[in-house]
Structures are given as C-alpha cells and as structure tokens.
Amino acid sequence: MFVDYVGVMLVNLAAGLAILAHYLYKNPAPQERRSWAAGFFAVGLLGFVTSFAMTVTWPLPGGYNVAFGEPGLYLSTAFLGAAVTLTFEWEPLIPALYGMFGAILAIVVGVRLLTLHLTQSPTVAAVGYLSAGIGGILTAAAINWREVRWLAVLTAVILGISAVVWAITGFMSDWGHIVDFAKWVPLTMHPAPTK
1110 MFVDYVGVML VNLAAGLAIL AHYLYKNPAP QERRSWAAGF FAVGLLGFVT
1160 SFAMTVTWPL PGGYNVAFGE PGLYLSTAFL GAAVTLTFEW EPLIPALYGM
1210 FGAILAIVVG VRLLTLHLTQ SPTVAAVGYL SAGIGGILTA AAINWREVRW
1260 LAVLTAVILG ISAVVWAITG FMSDWGHIVD FAKWVPLTMH PAPTK
C-alpha cells in the first residue's frame, strides 16, 4: 500500500485559491496588500514542501505524481512569489503573470485526467483543474485591469468554485485514507524476524 498526502495538498490548494479569490474581490489599495502576504506564504510553503517531495519521491502510482505534484509545485512557487511581492509592496502583476503559465498547466492536466478517466472522479478533478486554470489566467487580467470590477468578481467566483471542489475532494480523500490506513503498520514497527 502506498502512503500519500494528497488530501492535505488539496485542502492547502483550496485555501490558497480562497485567499486569492478574497484578495481579488477586496481589490486592496497598495498600502493594504501586505496583509495577504502571510496567507500566500503559508499556502506556498506547505504546497512547496509536499509537492517537491511528491515530484522527487513519486509516492503515488504512475502519472498521479505528475498530475498532482508538478502543478502543485508550480502553483506553490507562484504563491511564494506573491507573498514576497506583497511583503515588499512590489507590483503583484509579475507573480500573476508567472502563475498564468501554471494555470495553463492546470488546464492541460485537467483535460488529460478527464480523457484518460484517471482518479476516482475524473469529471470532478477536471472541473477542479479547469476552474483553477481559468481562474489563474483571469487573475493576471484582473490584476492588470484593477478598475474593471466585474472581471475581478468573475475571477473570484471561478477561483471560489475551484476552492470548493478541491476542499471537498481533499476532505473526502483524508476521510477515506483514515479507513484505508486504519490497520496499516510502517515497516519500522514490524516485529523483527525470528530465527
């Protein structure tokens, strides 16, 4: 049985998307943006640690490591970039433009999961990835054209939908993993073989 931590990765992603949606909806003035830095940093740090580990160690079977690890690593780096940007009161469009390429990656992964019928619910996973990807692309536009209020609100709603999908998926993943691993014992706790 493989051991994975996809549940916490997905809940972390949901939190990040919710924070980003809130940031876009509030459209803070430059002097108020620093308040969001800690949230973006927390999401970026947890996402980077778990996604990097997944990308390097491949704890999941086959392509799932690519589908969850690599987009997670890219997005986490974008969140860390946003945290630094907001902390130093730099222009937030730059990490948004960087994140836009990760958003395109999310769309590619979502379509591929759907066409290959991967995950237990490929349609739900595709909706999560596609809404995150579309929301990520629109984030750059919403930050670039801050005065266009409907664009920021639309982007926040799309990101909110993705956050809900990933939160439910992550919570259900952990719900199932608790049962799956209820009697699992790591190798270090197995009794030593007797001669």
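Sequential numbering of the sequence shown, starting at 1110, is according to my numbering. Ideal placement from N, C-alpha and C gives every residue a C-beta, glycine not left out.
Return the residue from the list Gly1116, Ala1147, Ala1176 and Met1209 that minimises the CA-CA distance to Gly1245.
-> Numbered from its first residue, the sequence shown carries residue 1245 at position 136. Checking every option, the nearest Cα to that of Gly1245 belongs to Met1209.
Length-filtered (4 minimum) alpha helix (DSSP H) runs lying within the segment 1125-1199 = Scanning the segment 1125-1199 for uninterrupted alpha helix (DSSP H) segments of 4 residues or longer gives 1146-1166 and 1173-1196, listed from N- to C-terminal end.
For Pro1300, does the three-state DSSP call read helix, strand or coil?
-> In the sequence shown, residue 1300 corresponds to position 191, counting from 1. Collapsing the DSSP output to three states places Pro1300 in coil.
For the alpha helix (DSSP H) containing Arg1255, list its first residue and its last residue.
-> Residue numbering aside, residue 1255 sits at position 146 when the sequence shown is read from its first letter. Per DSSP, Arg1255 is not a residue of any alpha helix (DSSP H), being assigned neither H nor E.
Leaving out five residues on either side along the sequence, give the residues of the same chain with a beta carbon under 8 Å from the beta carbon of Thr1264.
-> For the purposes of this step, residue 1264 is taken as residue 155 along the sequence shown, with counting starting at 1. Only residues of its own chain outside the window of five on either side were considered, and among them Ala1130, Leu1133, Gly1244, Leu1247, Thr1248, Ala1250 and Ala1251 have a CB closer than 8 Å to the CB of Thr1264, listed in chain order.
With DSSP as the reference, label Val1262 as helix, strand or coil.
-> Translated into the one-based positions of the sequence shown, residue 1262 becomes position 153. DSSP places Val1262 in helix when its eight states are reduced to three.
How should Ile1213 be labelled, buried or exposed, when 16 other C-beta atoms within 10 angstroms of its C-beta is the threshold for buried?
-> The residue given as residue 1213 occupies position 104 in the sequence shown. Result: exposed.
Buried or exposed: which applies to Ile1287, given that a residue is buried once 16 or more other Cβ atoms fall within 10 Å of its Cβ?
-> The count along the sequence shown starts at 1 and reaches residue 1287 at position 178. The residue is exposed, with fewer than 16 neighbouring Cβ atoms inside 10 Å.
Of the residues Phe1149, Ala1301, Gly1285 and Ala1241, which one's Cα is nearest the Cα of Gln1229?
-> In the sequence shown, residue 1229 corresponds to position 120, counting from 1. Among Phe1149, Ala1301, Gly1285 and Ala1241, the Cα nearest to that of Gln1229 is on Gly1285.
Check Trp1114 in the structure and name its three-state DSSP category.
-> Here residue 1114 corresponds to residue number 5 of the sequence shown, with the count starting at 1. Per the sequence presented here, residue 1114 reads as Tyr, with Trp not at that position. Annotated three-state conformation of Tyr1114 is coil, per DSSP.
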